[in-house]
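Enquirer: Shown below is the structure under consideration.
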Amino acid sequence: MALQASSFLPSAVTVHKEVKFLLTFQDSAFLGISISDHNKSDFSVVSLRSKKKSNPCTVLTRAQTTSITTPSITRATTDGKKTLRKGTVVITGASSGLGLATAKSLAETGKWDIVMACRNFLKAEKAAKSVGMAKDSYTVMHLDLASLDSVRQFVDNFRRSEMPLDVLVCNAAVYLPTAKEPTFTAEGFELSVGTNHLGHFLLARLLLDDLKKSDYPSKRLVIVGSITGNTNTLAGNVPPKANLGDLRGLAGGLNGLNSSAMIDGNEFDGAKAYKDSKVCNMLMMQEFHRRYHEETGIAFSSLYPGCIATTGLFREHIPLFRLLFPPFQKYITKGYVSETEAGQRLAQVVSDPSLLKSGVYWSWNKNSASFENQLSQEASDAEKARKVWEISEKLVGLA
Ligand code: NDP
Ligand code: PMR
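In this note's numbering, the protein residues as written are 670 to 1068.
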């Protein structure tokens, strides 16, 4: 099969419930961590209590509010006292593609309460139903990452639900390869970096406190990265290449008026803006690790799940690209993975005890075995990470 490279080159519930259960915990090697070593807190009674509050802005539903599910991750012990509850994971952009497949994969284990943090509430509900997720396994909560107000509102709503936060997955993204002109978030940041990086940066920073409070044995913050942001790979060398330059555009606010819409200060290029945003995602994972891992025990990680060539990510690309990209990845680069397989990979990063190391960028080999991958020079530049962090703090109103 011969494919022209040029064909691929871009032109440019409120929850109302009170659930109390007494469960037992047998296996202290659960998730590879000894409860006694890790956390001396009492696991004997888990109380999930949520009070209904009237908030007209709250777009939150609990798929099922009445039934009590016995977490299957708990084990009966002889003393009958130790318990472990289900984990709660928030996944952004769980209404399609990788996020949805991950939610499904985790739901199937019966060990997770999944918060689907999505901008389109009805789409998320339908998506969960369409993949057969059990009604009591998920909650849909509204989150539009292209609005910092919405991010703050989401955090308020999540806290009102009184669910714990054990794992946060920053997965949502937009990719605008054919855009000739930049478009902007509510606060006026170029849309791809604004959504994929700045929205997630504020979300993760705010929810860090909630993660810290979690008594779950393994707390994680996962930020989805990609091969195309890494210029140490063939895929990362397909033009336009990621390059944050001296960050002058980011420092100027990415508004396309008195500053460039691009991080490096150059002319707008939608495909590059996406790749730059992925570099920011991978840099922020490492900066979180450096600043907070030791103090909090939270594992910070990123990953390249494989080329999931069939997802909605390519919806803005030209029809010919969408037609040829999946076979190109399947038969030529052999980098293709199905949504299901990719979802299982991200689900491993959420819950597998063997992928608990912090500061790691995970990838999978041809046999679908995970390994710690090398990031490109720019995507592992600690000084640049610090600068992106500090500028981003100012842009999202944290500094
Ligand atoms: P999809 O387009 O299928 O999923 C993206 C999700 O992000 C959708 O649920 C979308 O919501 C959501 N989203 C977009 N904008 C916003 C916003 N403003 N607020 C909240 N949610 C938003 O793409 P993928 O599943 O492929 O992408 C998921 C992640 O995987 C991304 O981080 C991407 O960079 C990464 N990735 C993907 C690869 C691939 O080959 N596909 C390869 C490497 C990494 P809605 O459903 O409403 O549109
Ligand atoms: Mg790529 C080993 C080769 C490889 C892999 C794993 C990918 C993944 N790509 C590879 C090679 C090539 N790509 C080559 C040789 C070309 C030139 C023909 C090529 C082109 C190409 C385009 C135009 N590839 C693309 C695009 C996109 O628009 C996608 C993109 O960059 O989205 C940001 C893309 C991708 N290639 C990948 C992966 C995973 C993507 C998409 C997603 C992403 O990084 O999120």
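For each residue, glycine too, the CB sits at the ideal point set by N, CA and C.
Bear in mind the structure is a predicted one, so any value in this text is a computation, not a measurement.
What would DSSP say about Glu985, mapped onto helix, strand or coil?
Expert: coil
Enquirer: Starting from the Cα of Ala942, find the closest Cα among Leu952, Leu1067 and Lys910 and give me that residue.
Expert: Lys910
Enquirer: With 16 as the cutoff for other CB atoms within 10 Å, does Ile1001 come out buried or exposed?
Expert: exposed
Enquirer: Looking at Pro846 and the ligand PMR, is the gap between the Cβ and the nearest heavy atom below 7 Å?
Expert: Yes, since a heavy atom of the ligand PMR falls inside the 7 Å radius drawn around the Cβ of Pro846.
Enquirer: Report the rounded CA-to-CA distance for Lys1026 versus Leu812, giving the unit in angstroms.
Expert: 28 Å
Enquirer: Taking the alpha-carbon positions, what's the Arg731 to Leu903 distance?
Expert: Legend: pLDDT at Arg731 = 39, less than 50; position of this residue unreliable, value from coordinates given subsequently. Answer to the nearest angstrom: the Cα atoms are 44 Å apart.
Enquirer: Is the CB-CB distance between Gly863 and Ala815 below 8 Å?
Expert: yes
Enquirer: Distance, Cα to Cα, Lys1063 vs Pro996?
Expert: Here the alpha carbons of Pro996 and Lys1063 stand approximately 43 Å from one another.
Enquirer: Taking 7 Å as the limit between beta carbons, can you name the residues of its chain near Val1065, skipping five residues before and five after?
Expert: If we look at Val1065 and ignore the five residues flanking it on each side, its Cβ neighbours are Leu817, Leu867, Phe870 and Leu871.
Enquirer: Only counting the same chain, and skipping five residues up and downstream in sequence, which positions put a Cβ closer than 6 Å to that of Trp1058?
Expert: Same-chain partners within the cutoff: Glu956.
Enquirer: Can you check the stretch 774-831 for any alpha helix (DSSP H) of at least 4 residues that lies completely inside it and give the ranges in chain order?
Expert: 790-799 and 817-830
Enquirer: Below 6 Å CB to CB, which residues in the same chain sit around Gly939 once its five sequence neighbours on both sides are set aside?
Expert: Leu845, Pro846 and Ala848
Enquirer: Check each candidate in Gln1046, Ser1020 and Ala1054 and name the one with the smallest Cα separation from Trp781.
Expert: If we check each option's Cα against that of Trp781, Ser1020 comes out closest.
Enquirer: Does the pairing of the stretch 757-769 with the stretch 829-844 give three or more beta-carbon distances under 8 Å?
Expert: yes
Enquirer: Spell out the partners DSSP gives Ile760 in its beta bridges.
Expert: Met785 and Val838
Enquirer: Run the CB neighbour count on Gly894, radius 10 Å, all protein chains shown included, and call it buried at 16 or more, exposed below.
Expert: buried
Enquirer: Cβ of His866 within 7 Å of any heavy atom in the ligand PMR?
Expert: no
Enquirer: Excluding the five sequence neighbours on either side, which residues of its own chain have a C-beta within less than 6 Å of the C-beta of Leu889, listed in chain order?
Expert: The identity of residue 889 in the sequence shown is Arg, whereas the question assumes Leu. The residues are Val836 and Ala968.
Enquirer: Taking just the CA atoms, how far does Lys882 sit from Lys999?
Expert: 43 Å
Enquirer: Is there at least one non-hydrogen atom of the ligand NDP closer than 7 Å to the beta-carbon of Asp938?
Expert: no
Enquirer: Would you say Asn899 and Ala1048 are within 8 Å of each other, going by their C-beta atoms?
Expert: Going by C-beta atoms, Asn899 is nearer than 8 Å to Ala1048.
Enquirer: So does Cys787 have its beta carbon nearer than 7 Å to some heavy atom of the ligand NDP?
Expert: yes
Enquirer: If I'm right that Ser774 touches Gly1012 with Cβ under 8 Å, what's the distance once you round it to whole angstroms?
Expert: So it is a contact: roughly 5 Å between Cβ atoms.
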